[in-house]
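Number of protein chains: 2
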Amino acid sequence: MKSEIEVFRKFIRNKGLRKTPEREQVVRAVFAIHDHFDVDELYALLRRENEKISKATIYRTIPLLLESGLIQEAYFEDGHLHYEHIYGHDHHCHLRCLDCGKVIEFTEETVKDVEGKVGERYDFLVTGHKLEVYGHCGKCRVHK
Amino acid sequence: MKSEIEVFRKFIRNKGLRKTPEREQVVRAVFAIHDHFDVDELYALLRRENEKISKATIYRTIPLLLESGLIQEAYFEDGHLHYEHIYGHDHHCHLRCLDCGKVIEFTEETVKDVEGKVGERYDFLVTGHKLEVYGHCGKCRVHK
DNA sequence: CTACTGTTGCGACTCATTCTCAATAAGGAT
DNA sequence: ATCCTTATTGAGAATGAGTCGCAACAGTAG
Ligand SMILES: [Mn+2]
Ligand SMILES: [Mn+2]
Ligand SMILES: [Zn+2]
Ligand SMILES: [Zn+2]
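Residue numbers (my numbering), protein chains in the order written: chain U, 2 to 145; chain G, 2 to 145.
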């Protein structure tokens with residue numbers, strides 16, 4: 002299996018774009034975070050490592066990471082988007098506590114079947130899905 | 002079954018809030034739109050009807066509609082949230098074309114089972130879910 | 001190495017949403 | 001019905017995520 006940076010370089014080459022150190026630093030940082038992240042967290046990490054990269058470049062790189070399949074939007078919260086790297090990881094869904102905001106990742110194979118059924122029913126070539134389940138975690142239920 | 006305005010009034014009363022014509026106009030407008038909508042569309046509808054209501058009040062009313070279960074966030078797109086009224090409607094999921102943006106609503110009972118399984122597995126009291134399936138619609142596949 | 005052109009950083013800008021605050025109006029009490 | 005307290009409203013200012021314009025810079029083809 003190719004590394005994420007190899008995948009990214011091939012993607013960049015295929016699109017006729019240029020290989021730049023800034024873009025590759027973003028790729029590296031994205032795969033150094035093993036959690037959901039937003040642009041500010043990504044920016045903070047890069048700054049902490051003394052990488053001189055502007056927020057604009059991060060914003061410009063994110064669509065490339067999405068299109069190349071290295072990351073995906075995880076959810077929209079607190080007024081902005083959150084992402085997660087997905088290359089090299091199995092698909093998972095999210096279970097969120099409406100009280101404390103905790104997010105648990107889970108896998109559930111039956112959701113995959115829905116893709117096929119729905120795709121056929123409406124003549125769609127289905128490429129993926131996003132499932133979020135909401136509720137109240139055990140800890141938060143105790144507190145009330 | 003109670004009407005949406007009755008549900009809303011009860012909710013308002015239970016929270017110790019005040020019944021205002023502005024809030025009730027928003028409720029009415031939300032249930033006059035039988036489609037996904039955003040704040041601007043809601044505002045435009047109210048203005049078209051010569052309701053003098055400010056956008057700030059709409060923004061302030063939306064959390065109340067969410068909490069009372071009359072509406073839900075449908076999806077985030079074009080830099081802002083879209084909503085839909087759900088009171089009095091069966092739960093449905095969304096199938097979206099990544100090319101043209103078309104959104105199809107569908108129902109799929111097997112997703113309900115996932116709620117139960119996951120809730121038990123992680124000790125959550127599950128209250129709902131949001132499933133979006135992505136792909137390319139038949140029309141868009143022809144065009145390329 | 002050169003030329004061409006895509007990319008970067010910076011700050012200005014846009015636009016959705018929130019906040020501030022003075023005026024208004026619910027709604028409980030009398 | 002009137003008063004009083006305080007939540008709510010409208011208007012506009014403020015915030016903040018994300019985008020854009022532009023001049024300096026740097027890949028890459030030849
Ligand atoms: Mn995740
Ligand atoms: Mn819908
Ligand atoms: Zn919780
Ligand atoms: Zn389409």
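Just so you know, even glycine gets a beta-carbon here, dropped at the ideal spot from N, CA and C. These numbers come from a predicted model, not from an experiment.
C-alpha gap between Arg-61 (chain U) and Arg-24 (chain U), whole angstroms: 9 Å
Apply the 10 Å Cβ neighbour rule to Ser-69 (chain U) and answer buried if 16 or more other Cβ atoms are within range, or exposed otherwise. buried
Which residues DSSP lists as bridging Lys-131 (chain G), in chain order: U:Glu-133
Is Asp-100 (chain U) near ligand 3, in the sense that its beta carbon is under 7 Å from a heavy atom of that ligand? yes
Three-state class that DSSP yields for Cys-101 (chain U) in the structure shown: coil
So which of U:Gly-117, U:Leu-132, U:His-37 has the shortest CA-CA distance to Leu-126 (chain U)? Selected option, being the one with the closest Cα: U:Gly-117.
Any chain U beta carbon closer than 8 Å to Lys-118 (chain G): yes
Is the Cβ-Cβ distance between His-37 (chain U) and Tyr-88 (chain U) less than 8 Å? no
How big is the Cα-Cα spacing for His-92 (chain U) and Asp-79 (chain G)? Rounded to whole angstroms, the gap between the alpha carbons of His-92 (chain U) and Asp-79 (chain G) is 25 Å.
Identify the residues that DSSP records as bridge partners of Tyr-84 (chain U): which are they? Partner(s): U:Phe-38, U:Glu-74.
Quick one: is Cys-101 (chain G) near chain U, going by C-beta distance under 8 Å? No - not a single Cβ of chain U is within 8 Å of the one on Cys-101 (chain G).
What in chain U is Cβ-close to Gly-136 (chain G), meaning under 7 Å? What Gly-136 (chain G) touches in chain U: Gly-120, Phe-125, Leu-126, Val-127, Thr-128.
For Gly-139 (chain G), which option in U:Lys-131, U:Val-119, U:Cys-141, U:Leu-132 has the closest C-alpha, if you only look at C-alpha atoms? U:Val-119
What did DSSP end up calling Glu-68 (chain U) once you bin it into helix, strand or coil? helix
Counting only beta-carbon separations shorter than 8 Å, does Val-112 (chain U) have a partner in chain G? yes
Where Leu-65 (chain G) and Pro-22 (chain G) are concerned, what is the direct C-alpha to C-alpha distance, given to the nearest angstrom? 14 Å
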